[in-house]
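Our numbering puts the sequence shown at residues 5 to 359.
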Amino acid sequence: MQPRDLSDHVAYEAGRGIEEVARDLGLEADELVKLSSNENAFGPSPKAVAAIEAYAPTVHSYPKSSAVDLRDALADRWDVGSGQVWLANGGDGALDYLARAMLRPGEEVLVPAPGFAYYAMSARYHHGSVNEYPIRKADGFTQSAGTVLEHYDGERVIYLTTPHNPTGSELSPAGIEAVAEGTDKETLVIVDEAYGEFSDTPSVVPLVEERDDVAVIRTFSKAYGLAGIRLGYAVVPETWAEAYARVNTPFAASEIACRAGLAALEDRDHVEKTVDAVRWGREYIHGNLACQTWESAGNFVLCEVGDGSEVTERAQREGVIVRDTTSFGLPECVRITCGTREETKRAVAVLNELL
Ligand code: PMP
């Protein structure tokens, strides 16, 4: 017995955990600086930790009401209806629900290259096939509606990422609207704002209210520091509210995740502190790393180091973990997450030694 033919599927390559790397290097985890997964350098909000601890003794019960509370709070935050907030197991889970809701077998999607690997994976899991549009180094990795539309050929779903992983570039709200305007009524434009809190550009959630062919993805993994809890959501058009119950996995987000999310959402100070550190970190890396870097609106910076795999490996031996971007099709680069000031300075110092 074998599973169905999965030969066109690839496994998601998660970055290795800090303990695992430390063990390989014969070091303690606290001797390492991990700037490879765009996590929050300050950890979770203490309020979220308290909410998790308070709930822990009752985890034997099935989730009850906090998903409703969190959906209401997010609906309030974005000025949409609660039915438009589709909670999920991370932004990844939200992408799955949208693919599940949209794709009929064999339908096509359009994804950015380079880009976040899970768009294509999720589409394939849902029996879709994948086409690409480029985000070109020759254009300084800038994004434009024109390039997306040039490559559009009636696909059912288009994925846009702003700020974009791994380059940090943005597509303006006007550009996003131009993509939605320039494509078929039956094409959904998914705008992935996983890194939205780090950008000065406003969210395009209001566009979801104006038209029925745009959805937005958001996550608690980055600015809210809850990557391990797996909590994200899609904001979908009003007419889709009913569809959620038909596509989601029962208890789409765990009770613990929802409670942590609610507490994190209220802790504005923690988010502000995080965003401030990221702003400082981006400037510091641009100003001090002795190689080409690109303007980033995310909590990371893409850097051209020559041989990304080699530099990643050598930096790791010096206790600094960065992300080799070879799997994004950028073997000459690494991506550095902005950490605390101390972590970011150490990463830049180590990389400068290696360049
Ligand atoms: N979108 C982008 C662009 C990402 O980089 C990530 C995380 N790597 C996600 C979505 C999903 O993150 P999560 O599932 O942790 O919410």
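All C-beta atoms, glycine included, are put in the ideal place defined by N, C-alpha and C. Computed from a predicted structure; not experimentally measured.
In the displayed model, Val209 falls within a helix according to three-state DSSP. The beta carbon of Val25 sits closer than 7 Å to the beta carbons of Leu36, Gln320 and Ile325 from its chain, once the five residues preceding and following it are set aside; these are given in chain order. Distance between Thr191 and Phe255, taken at the CA atoms: about 28 Å. In this chain, Asp196 is not harboured by any alpha helix (DSSP H); it is covered by the beta strand (DSSP E) spanning Leu192 to Asp196.
Annotation for Asp80: no beta strand (DSSP E) segment contains it, though the alpha helix (DSSP H) segment containing it runs Ser70 to Trp82.
In the displayed model, Trp90 falls within a strand according to three-state DSSP. Between Asp217 and Glu259, the alpha-carbon positions lie close to 30 Å from each other.
As the crow flies, the alpha-carbon of Asp9 is around 20 Å from that of Asp100. DSSP places Asp204 outside any alpha helix (DSSP H), giving it a letter other than H or E.
Relative to Ala178, the option among Ser148, Met106 and Asn135 whose CA is nearest is Ser148. A direct Cα-to-Cα measurement between Ser126 and Ala103 gives close to 7 Å.
Using a 10 angstroms sphere on the CB of Asp143, the tally of other CB atoms stays under 16, which defines it as exposed.
With fewer than 16 other CB atoms across the displayed protein chains lying within 10 angstroms of its CB, Val63 is exposed. If you draw a straight line from the Cα of Gly291 to the Cα of Ser225, it is about 27 Å long.
Excluding its 5 nearest sequence neighbours in each direction, Tyr16 has C-beta neighbours in its own chain below 7 Å: Ala121, Tyr122 and Met125, listed in chain order. For Gly229, the three-state secondary structure derived from DSSP is coil. Measuring C-alpha to C-alpha distances from Gln296 to each of Val279, Cys337 and Ala264 identifies Cys337 as the nearest. Proximity to Pro167 across Thr146, Ala58 and Thr187 peaks at Thr146, based on C-alpha coordinates. When the five nearest sequence neighbours on each side are left out, the beta carbons in the same chain lying within less than 8 Å of the beta carbon of Pro170 are those of Pro118, Phe304, Leu306, Arg327, Thr329, Phe332, Leu334, Cys337 and Arg339, in order along the chain.
Taking 3 residues as the shortest admissible run, the region 110-170 contains the following complete beta strand (DSSP E) segments, listed from N- to C-terminal end: 112-117, 133-138 and 161-165. Among the bridge pairs identified by DSSP, Val338 is matched with Cys307 and Asp328.
Contact check for Gly85 against Ala257 fails: the beta carbons are separated by 9 Å or more. Of all C-beta pairs linking the region 224-243 to the region 86-97, three or more are shorter than 8 Å, placing the two stretches in contact.
Under the three-state reduction of DSSP output, Leu269 falls in the helix class.
Taken atom to atom, the span from the alpha-carbon of Leu358 to that of Arg318 is near 8 Å.
In the DSSP assignment, Thr62 falls outside any alpha helix (DSSP H), carrying neither H nor E. Listed as beta-bridge partners of Gly333 by DSSP are no residues whatsoever. In the DSSP annotation of this structure, Lys349 is not part of any beta strand (DSSP E); the continuous alpha helix (DSSP H) holding it starts and ends at Arg345 to Leu358. Per DSSP, Thr223 is one residue of the beta strand (DSSP E) stretching across Val218 to Thr223. With contacts defined by Cβ atoms closer than 9 Å, Thr344 and Ala261 do not form a contacting pair. Residue burial is scored here from C-beta neighbours: Thr165 has at least 16 other C-beta atoms within 10 angstroms and is therefore classed as buried. Per DSSP, reduced to three states, the secondary structure at Tyr288 is helical. Under the three-state reduction of DSSP, Val240 is assigned to coil, being neither helix nor strand. With fewer than 16 other Cβ atoms inside 10 Å of its own Cβ, Glu154 counts as exposed. Counting only the Cα atoms, His13 lies some 32 Å from Glu185.
By the Cβ-count criterion, Thr253 is exposed, with fewer than 16 other Cβ atoms from all chains shown falling within 10 Å of its own Cβ.
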